[in-house]
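Each remark here refers to the structure printed beneath this line.
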Amino acid sequence: MEKQPNTEADISAFAERVEYAIKPHSIRAFASKIDISEGTLRRILKGEDPKLSIVARIAQVANVDLMWLIQGETTTDCPQSPIITQPLVKLDEFNEAFVLVPGYHVSVSTGHGAFNDNAQVARHLAFRKKWIDYKNLDKSELAVVFAKGDSMEPTIHNNNTILVDLSDKKLSEGLIYVVRLGEELYAKRLQQYLDGSVRLISDNKEYVEQVVRADELEQLEIIGKVVWIGKDLA
1 MEKQPNTEAD ISAFAERVEY AIKPHSIRAF ASKIDISEGT LRRILKGEDP
51 KLSIVARIAQ VANVDLMWLI QGETTTDCPQ SPIITQPLVK LDEFNEAFVL
101 VPGYHVSVST GHGAFNDNAQ VARHLAFRKK WIDYKNLDKS ELAVVFAKGD
151 SMEPTIHNNN TILVDLSDKK LSEGLIYVVR LGEELYAKRL QQYLDGSVRL
201 ISDNKEYVEQ VVRADELEQL EIIGKVVWIG KDLA
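Heads up, the sequence shown is in the UniProt record's numbering, so the first residue is 1 and it goes up one at a time.
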């Protein structure tokens with residue numbers, strides 16, 4: 001493995017990549033995730049050259065390519081991987097290679113929320129165009145939301161990022177959808193029965209499945225199908 005960046009220019013670029021990688025977490029929250037002090041992470045962001053072990057933890061928890069983080073170079077170009085692992089590029093080159101998907105300030109699985117034209121865009125996440133095309137997705141019909149609660153563990157964990165295809169509202173047995181039931185948003189597996197009822201099934205078997213009867217279906221709205229889940233590594 002190549003050494004860490006050690007010139008002033010390299011360290012500056014490295015700090016910028018770290019700043020990008022830890023989003024949307026706060027400095028304090030991300031420092032806690034990788035078991036270092038907030039002060040240490042702030043010094044890294046100001047240009048301090050960190051230990052390689054810390055760099056490796058940043059890459060693992062942020063789910064970015066280690067060599068991209070260290071050198072601005074990626075070790076793979078697999079279309080099945082949607083995560084940004086490319087070096088910093090010019091805007092026109094970036095726009096040719098990536099799609100920016102709006103990330104809404106909306107949580108699903110537990111709690112209340114609104115997912116409509118008034119929903120607040122908190123940030124944008126970049127996905128490879130190759131991957132978007134590979135999955136046959138329409139970039140204008142994609143949205144990112146955030147999971148809350150443990151009802152879909154081990155598939156979806158609390159605070160995981162969820163990519164939703166808003167164009168796919170047709171119920172397919174056993175797949176995961178973001179739905180609105182009444183005033184609440186959920187990410188659940190859906191199953192429809194012969195009597196017309198729909199069941200919202202949690203992967204966490206400690207949760208009892210919810211049943212929406214045929215005469216109550218007007219309360220159930222399929223927002224879109226979950227097509228990708230961004231996970232933190234343990």
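All C-beta atoms in this analysis are idealised placements derived from N, C-alpha and C, irrespective of residue type, glycine included. As the structure is a computational prediction, the values presented were derived from the model and not from experiment.
Where residue i falls: helix, strand or coil (DSSP)
i    : result
E184 : strand
S151 : coil
A21  : helix
A114 : Residue confidence is low: A114 scores 44 on pLDDT, short of 50, so the model does not pin down where it sits. Its coordinate-derived value is still stated next. Reduced to three states, the DSSP call for A114 is coil.
For residue i, the residue or residues it bridges with in DSSP
i    : result
P102 : H124
A143 : V164
Within 7 Å, strictly: CB atoms of residue i and residue j
i           : j    : result
G47         : A15  : yes
residue 238 : K225 : No answer is possible for residue 238: the residues shown for the chain start at 1 and end at 234.
I34         : V61  : yes
E221        : R180 : yes
Q210        : L200 : yes
N204        : S151 : yes
Range of the contiguous alpha helix (DSSP H) that encloses residue i
i    : result
I36  : Per DSSP, I36 belongs to no alpha helix (DSSP H) and is neither H nor E.
K130 : K129 to Y134
Worksheet entry | Continuous alpha helix (DSSP H) assignments of at least 4 residues falling wholly in the segment 39-77 | 52-62 and 66-71
Worksheet item: Curious, which full-length beta strand (DSSP E) runs of at least 3 residues does the segment 157-228 contain?
Response: 161-165, 176-181, 184-192, 198-201 and 210-212
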